[in-house]
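Heads up: the sequence lines are chains H and L, in that order.
With the working numbering as the guide, the letters of the first sequence map in order to residues 1 to 528.
With the working numbering as the guide, the letters of the second sequence map in order to residues 529 to 825.
Quick reminder that beta carbons are idealized off the backbone N, C-alpha and C, glycines included.
For reference, the structure discussed in these notes is given below.
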Amino acid sequence: MTSVSSLRTRKDKPSSVLPQILRVLFLIIADAAVGWVLSRFITLGYLPLAAVVFILTVSVNIILLIRKAYPLRWMVVGLVLMGLFTIYPIFFTVWVAFTNYGEGHLITQEQAVSRLLREKYLPEEGKSYKWTAYKSPEGEYALWLIDAEGNGYLAKPNEPLFQLDPEDEPLWELDDKGTPETIDGYQRLNAIVAATDKNLTEILFGEEGRTIQVRSPSEAAELLQKYTYDPDQDAMIDLETGVVYKNLRGTFTSSSGQSLRPGFVESIGFTNFTKFFVSPALRGPLVRIVTWNFSFAFLSLLLNFALGLAIAILFNDPGFPFRKLIRTLLIIPYTVPALLTILVWRGMLNPELGVISRILGNLFGWAPSWFTNQWWAKVAILLINLWLSYPYFMLISSGALQSISDDYYAAAKVDGANAWQQFWHITLPLLLVAVGPLLISSFVFNFNNFNLIYIFNAGGPPMANTPTPAGHTDILISYVYNLAFSGSRGIDYGFAAAITIIIFFIVGTITLLQFRFTRMWEEVSENV
Amino acid sequence: MSSKKTVTNIKHSASLRRKIGIGIRLVIAVALIIFSIFPILWVVSASINPTGSLATQRLIPRNPGFGNYQRLMTSGDFPFWTWFWNSIKISSITAVLSLSITTVAAYAFSRFRFKGRQTMLKAIFLIQVFPALLALVATFLMISQAGDVLPFMGLNTHTSLILVYLGGAMGMNIWLMKGYMDTVPREIDESAMVEGATSWQIFVRLILPLLKPILIVIGIINYIGTYGEFVLARVLLSSNDKYTLMVGLQIFAGAQFDQRWGVFAAGALIGALPIMIIYLILQDQIIGGLTLGAVKG
């Protein structure tokens with residue numbers, strides 16, 4: 001008795017002091033580190049990312065400090081990772097979909113403004129010089145300037161120009177062109193080193209307000225700031241010409257339509273979505289892509305399921321010879337990483353050299369051009385997908401077949417039903433109930449079967465005259481990939497994200513059907 | 529007499545029909561097996577074809593040899609072993625960490641009763657319905673931003689790739705795991721608690737050993753999925769020495785594929801072998817797990 005009660009009290013006591021202190025200490029250090037990261041994110045203008053890191057940090061602190069949240073401590077790592085790498089990207093996708101994030105609009109407005117503020121122009125009365133560069137052992141730079149009249153000047157950052165009087169005794173040893181070899185420990189850089197030194201063009205030499213900058217390998221000049229930012233108008237003003245460039249959807253644009261580079265990320269409302277539905281230039285390719293996307297997913301499901309089911313029925317008989325061996329050999333396509341076998345098929349279908357084309361060529365004197373003809377490319381994709389996926393359907397169908405009671409068939413035989421009728425009226429309906437949800441998942445999987453499309457032929461053959469890269473076998477998700485990562489033309493993260501959301505609505509609707517169809521949700525709820 | 533004869537005749541013809549049926553089905557089976565293993569045989573043959581090009585390959589090569597494998601080992605512009613090692617490293621780390629995270633969290637969901645428990649479980653279920661592939665652009669942008677501050681988890685690092693994989697770790701597997709854990713009787717926990725054991729001790733010493741079968745299945749399915757994953761790795765990694773095997777082979781096959789065919793075949797075979805072996809040995813367990821809802825990558 002006593003021992004049990006003493007154990008109870010020990011258990012009820014708050015955990016001992018040392019772990020407590022350690023935990024708080026750990027939290028302080030971790031919070032400080034996160035705080036530093038947060039401040040960097042904010043300075044860089046990555047506000048959505050900063051917000052999610054902040055929210056997660058606060059939650060972790062609460063979970064670790066409050067006793068009532070004890071069960072959550074067991075899953076805190078998983079929750080943080082899920083928050084950062086699964087939930088946040090979903091929200092971020094939504095945010096990006098409403099912006100013009102993409103080519104020409106890659107940086108925040110602060111970054112764009114600060115870049116434009118650094119631009120300079122050469123005023124009409126500005127002086128230009130020939131220059132020679134010097135570098136000190138500490139890495140500081142100096143310029144030796146010679147103006148049009150042949151006067152020499154020494155220029156250092158943040159110091160007034162120092163003119164060398166030709167009448168005086170030269171302070172430094174000059175070469176035959178009147179240029180010093182070294183200046184007070186600064187070593188002269190040869191012309192090639194100087195011309196390729198990127199730091200040099202960034203440095204402002206001379207005193208504030210009259211700075212001199214290197215403009216080209218032969219010229220340095222007194223430059224003035226070209227633009228200033230006016231926060232009231234949200235506009236850049238050209239100090240040379242007086243033109244006002246107003247912020248127009250992420251680009252500073254003048255009233256005459258001139259725009260400044262770089263642009264920046266800016267919210268543009270539903271433009272990306274309306275573009276998807278109404279843009280005349282995109283209509284053609286998009287209608288084709290969506291049509292093919294649905295046909296591909298549907299035909300794949302139909303063919304793969306039909307073959308898988310047929311095999312399952314044919315070899316369902318437990319007494320069938322070599323049943324186990326046949327099954328093992330037939331699931332082999334499923335055991336190889338799909339990416340590798342798609343590449344193998346690409347080699348085998350190669351129009352001149354591939355084995356399948358050679359066999360067909362020998363038999364019929366003709367072989368389809370699997371990669372350049374859009375219809376044959378589609379046939380090839382369906383064929384490869386059939387090879388990849390029928391084992392899965394075979395496995396799930398044969399599992400489901402075994403769960404169908406023999407009594408149904410016995411009753412059907414009494415009623416005089418033939419095999420075909422038994423299949424249509426007993427096997428198929430009962431089977432569909434069992435594997436229905438898996439079929440829907442498989443449809444959704446194929447709807448987004450990026451690997452197959454991208455690796456086989458990168459969506460090709462390409463469609464002609466499209467504003468962004470698109471191919472005849474592209475599905476929506478591979479089109480999105482082209483928009484975001486193809487690197488050739490028209491990178492548009494905003495539009496890509498908008499299409500992603502549209503895909504999500506399609507997939508979401510289908511999944512919802514799946515829930516209704518199977519009452520999976522109720523099962524899930526009961527299971528809790 | 530005659531009626532007896534007809535009966536045996538019918539019996540005889542029924543067994544004949546059955547035999548013919550089996551015969552036809554065996555022929556179909558052979559045709560299907562050819563369809564299913566021909567590409568594999570073709571790759572094996574390509575890998576030992578000494579000329580190594582697509583055009584000169586026959587099913588049974590003349591003068592077979594291991595030249596393609598030797599080129600694979602030694603070729604400098606094609607760091608096959610680095611890719612292979614990267615893949616094994618990333619898949620192993622991901623599988624182990626993902627398993628730990630899921631198991632520990634599933635224990636809490638299975639054994640503790642707390643407010644919001646059901647909501648959280650349902651939320652996790654709903655979140656994993658959103659295909660990770662769709663968040664690709666956002667994930668890429670996010671990692672690129674994170675890398676500006678923390679270079680060790682920016683673009684072209686294995687850390688970032690593993691973290692992104694782990695972000696989806698809880699998903700469906702927590703349901704499988706929790707479901708399995710619910711079948712372990714709670715009396716085990718309760719009696720240990722009376723003895724004064726803490727929850728952590730109960731979890732590690734008592735529950736964990738009982739979970740071995742499900743741990744193996746989920747761990748292997750996760751390993752295979754990560755090993756074969758392509759898109760995220762393709763988007764996040766950008767240098768030859770960082771590629772996983774899948775990305776490396778895909779890029780290698782992108783140029784002069786017909787010339788590199790033999791070396792590619794050798795690489796693909798070595799790359800596929802570990803997974804094929806795992807599959808064929810553990811086919812029953814893995815198939816059970818797959819039909820429960822875990823997804824092959």
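Q: Taking only beta-carbon positions, decide if L:A822 is within less than 9 angstroms of chain H.
A: Confidence at L:A822 is low in this model, with a pLDDT of 40, below 50, so the placement of that residue should be treated as unreliable; the coordinate-derived value is given next. No, because no Cβ of chain H sits closer than 9 angstroms to the Cβ of L:A822.
Q: Please confirm if H:M463 has its CB atom under 9 angstroms from at least one CB of chain L.
A: Taking 9 angstroms as the CB threshold, H:M463 stays off the interface with chain L.
Q: Would you please verify whether the beta carbon of H:A410 is less than 9 angstroms from any beta carbon of chain L?
A: H:A410 is outside the set of residues whose beta carbon lies under 9 angstroms from a beta carbon in chain L.
**Q.** Three-state class that DSSP yields for H:A367 in the structure shown
**A.** Three-state DSSP puts H:A367 in coil, outside helix and strand.
Q | Residue nearest to H:N158 in terms of C-alpha spacing, selected from H:P137, H:G139, H:L204 and H:T132 | A | Taking only the C-alpha atoms, the option nearest H:N158 is H:L204.
Q.
I'd like to confirm the pairing. Which residues does DSSP put opposite H:S216 in its beta bridges?
A. In the DSSP assignment, H:S216 forms a beta bridge with H:E219.
**Q.** Neighbour-count burial assignment, L:I814, 16 or more Cβ in a 10 Å radius
**A.** When all chains shown are included, L:I814 counts as buried.
**Q.** Distance between L:A725 and H:T9 (C-alpha atoms, nearest Å)
**A.** Note that H:T9 has pLDDT 39, beneath the 50 cutoff, so the model's placement of it is unreliable and no number is given.
**Q.** Residue from L:I702, L:G795, L:V657 and L:N750 whose Cα sits closest to the Cα of L:F637
**A.** Residue nearest to L:F637 within the set L:I702, L:G795, L:V657 and L:N750 is L:I702 (criterion: CA-CA distance).
Q: Compare the C-beta of H:A306 against all C-beta atoms of chain L and say whether one is closer than 9 angstroms.
A: Not closer than 9 angstroms to any Cβ of chain L, the Cβ of H:A306 fails to qualify, so no.
Q | Identity of the residue in H:A377, H:Y129 and H:T500 nearest H:H472 by Cα | A | Out of H:A377, H:Y129 and H:T500, H:A377 has the C-alpha closest to the C-alpha of H:H472.
Q | Those residues which DSSP pairs with H:A155 across a bridge | A | Bridge pairing for H:A155: H:L143 [DSSP].
(Q) Using a 10 Å radius around the Cβ and a threshold of 16 neighbouring Cβ atoms, would you call L:S766 buried or exposed? (A) Around the CB of L:S766, fewer than 16 other CB atoms lie within 10 Å, so the residue is classed as exposed.
**Q.** Rounded Cβ spacing between H:F273 and H:H105 (contact assumed at less than 8 angstroms)
**A.** Not really, about 17 angstroms apart at Cβ, beyond 8 angstroms.
(Q) Is there a Cβ of chain L sitting closer than 9 angstroms to that of H:V17, yes or no? (A) False, the Cβ-Cβ gap to chain L never drops below 9 angstroms.
Q. Do we get a CB-CB distance below 9 angstroms when we pair L:I621 with the residues of chain H?
A. No, because no Cβ of chain H sits closer than 9 angstroms to the Cβ of L:I621.
(Q) Counting only Cβ pairs nearer than 8 angstroms, list the residues of chain H close to L:I803. (A) When 8 angstroms is used as the limit between beta carbons, L:I803 is near these residues of chain H: T335, V336 and P337, in chain order.
**Q.** Reduced DSSP secondary structure (H/G/I, E/B, other) of H:S254
**A.** The answer is strand: DSSP assigns H:S254 an E or B state.
Q) Hey, how far is the Cα of H:W172 from the Cα of H:V37? A) About 49 angstroms.
Q. What residues from chain H crowd round L:K657, counting only those whose CB sits closer than 7 angstroms?
A. Note on identity: in this sequence residue 657 of chain L is Val, with Lys being the wrong assignment. Those within 7 angstroms of L:V657 in chain H are T511.
Q. Can you tell me whether DSSP reads H:Q163 as helix, strand or coil?
A. Three-state result, H:Q163: strand.
Q) In this structure, does DSSP put L:Y771 in helix, strand or coil? A) Three-state DSSP puts L:Y771 in coil, outside helix and strand.
Q) By Cβ distance, which residues of its chain are closer than 6 angstroms to H:G269, with the 5 residues on each side in sequence left out? A) Sequence-distant partners of H:G269 (beyond 5 residues in either direction) whose C-beta falls short of 6 angstroms from its own C-beta are missing from its chain.
Q) Would you call H:P220 buried or exposed, if buried means 16 or more other Cβ atoms sit within 10 Å of its Cβ? A) Just to set this straight, residue 220 of chain H is Ala in the shown sequence, not Pro. Around the beta carbon of H:A220, a 10 Å sphere encloses 16 or more other beta carbons of the protein chains shown; the residue is thus reported as buried.
Q: Starting from the Cα of H:Y408, find the closest Cα among H:W424, H:M394 and H:R23 and give me that residue.
A: Looking at H:W424, H:M394 and H:R23, the one whose alpha-carbon comes closest to that of H:Y408 is H:W424.
Q. Exposed or buried, H:S5, counting other C-beta atoms within 10 Å across all chains shown (16 or more means buried)?
A. Reliability of the predicted coordinates at H:S5 is poor, the pLDDT of 38 falling under 50, and no value is obtained from them.
Q) What does H:A221 touch in chain L if you count any residue whose Cβ is under 9 angstroms from its own? A) Per Cβ cutoff of 9 angstroms: no residues; H:A221 is ~33 angstroms from chain L at best.
Q. Is H:L224 helix, strand or coil by DSSP?
A. The answer is strand: DSSP assigns H:L224 an E or B state.
**Q.** Amino acids of chain B, ordered along the chain, whose beta-carbon sits closer than 8 angstroms to that of L:G799
**A.** Checking the listed chains, one finds no chain B in this structure; the protein chains it contains are H and L.
**Q.** Reduced DSSP category for L:G657 - H, G, I as helix; E, B as strand; rest coil
**A.** It should be noted that the sequence gives Val, not Gly, for residue 657 of chain L. In the displayed model, L:V657 falls within coil according to three-state DSSP, outside both helix and strand.
Q: Return no unless some Cβ of chain H is closer than 9 angstroms to the Cβ of L:D769.
A: Chain H, which has no Cβ nearer than 9 angstroms to the Cβ of L:D769, makes this no.
Q. Going along the chain, which residues of its own chain have a beta-carbon closer than 6 angstroms to the beta-carbon of H:E207, five neighbours each way excluded?
A. The answer, listed in chain order, is P160.
Q) Taking Cβ to Cβ, would you say H:E222 is nearer than 9 angstroms to H:L122? A) A Cβ-Cβ contact shorter than 9 angstroms links H:E222 with H:L122.
Q. Cβ of H:I331 within 9 angstroms of Cβ of H:F315?
A. Their beta carbons are not under 9 angstroms apart, which means H:I331 does not touch H:F315 by this criterion.
**Q.** Sheet register partners of H:I359 (DSSP bridge)
**A.** According to the DSSP secondary-structure assignment, H:I359 is paired through a beta bridge with no residue.
Q | Whole runs of the alpha helix (DSSP H) within the segment 404-480 of chain H, excluding any shorter than 4 residues | A | 406-414, 419-422, 428-447 and 450-457, all fully within the segment 404-480 of chain H.
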